[in-house]
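Worksheet: the structure to be examined is printed underneath.
So, in structure tokens, the structure goes:
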């Protein structure tokens, strides 16, 4: 639309810090929010001998998905404790446009879908982050 392009250009010129490439899309970018989900193994899997071939395949899909989310910039970090049994848990810190999208990301985790882990979502804010040299 012609009028909106002129308006967008005027705003960009008035706010010199605004990147010009945002005007080409005629809309502002979505501000992503941070979330964390905590993953806990289901009790059946506390003992390594109880893991099935299907469980291991689901865990591989879980890891591949998190790896892909790192590559796309959606996932900030993921990891797990080194404890065993009911003390072990994992976390995934990630970005999403809103809580609904965050919940969908968490609930579609292959480990959650397969019933290997339960997950609990929380809004989150990274306060300090180490920068790699």
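Residue numbers (my numbering): 104 to 236. C-beta atoms are modelled at their ideal positions from N, C-alpha and C, and glycine is treated no differently.
Q: Check each candidate in 149, 218, 216 and 210 and name the one with the smallest Cα separation from residue 139.
A: Working through the chain shown from its first residue, we reach residue 139 at position 36. Comparing Cα-Cα distances from residue 139 to each of 149, 218, 216 and 210, the minimum goes to 210.
Q.
Going by DSSP, what residue range makes up the alpha helix (DSSP H) through residue 162?
A. For this step, residue 162 is matched to residue 59 along the chain shown. Per DSSP, residue 162 belongs to the alpha helix (DSSP H) from 156–175.
Q.
Just to confirm the assignment, what range does the alpha helix (DSSP H) spanning residue 186 have?
A. Translated into the one-based positions of the chain shown, residue 186 becomes position 83. That residue, residue 186, is in no alpha helix (DSSP H); it is neither H nor E in DSSP.
Q: Counting only the same chain and skipping the five closest in sequence on each side, list residues whose C-beta sits under 7 Å from that of residue 135.
A: Mapped onto the chain shown, residue 135 falls at position 32. Closer than 7 Å at the Cβ level, and outside the excluded window around residue 135, lie 198, 199 and 200.
Q | Identity of the residues DSSP links to residue 142 by a beta bridge | A | Here the question's residue 142 lines up with position 39 in the chain shown. BP columns for residue 142 point to 193 and 222.
Q. Does DSSP classify residue 126 as helix, strand or coil?
A. As a position in the chain shown, residue 126 is number 23, starting the count at 1. Any reading at residue 126 is ruled out, since the residue's pLDDT is 38, under 50, leaving its predicted position unreliable.
(Q) Against chain E, with Cβ distances strictly below 8 Å, would residue 221 count as a contact? (A) Looking for chain E here will not work: only one protein chain is present.
Q | Residue nearest to residue 222 in terms of C-alpha spacing, selected from 185, 234, 206 and 233 | A | The residue labelled residue 222 in the question sits at position 119 within the chain shown. When each option's Cα is compared against that of residue 222, the closest is 206.
Q.
I need the DSSP call for residue 148, collapsed to helix, strand or coil.
A. Taking the first residue of the chain shown as 1, we reach residue 148 at position 45. In this structure, residue 148 counts as helix in the three-state DSSP scheme.
Q) Is it right to say residue 171 is buried, meaning 16 or more other beta carbons lie within 10 angstroms of its own, or is it exposed? A) One-based indexing of the chain shown puts residue 171 at position 68. So residue 171 ends up on the exposed side.
Q. For residue 205, which of helix, strand or coil comes out of DSSP?
A. Numbered from 1 along the chain shown, position 102 holds the residue referred to as residue 205. Helix.
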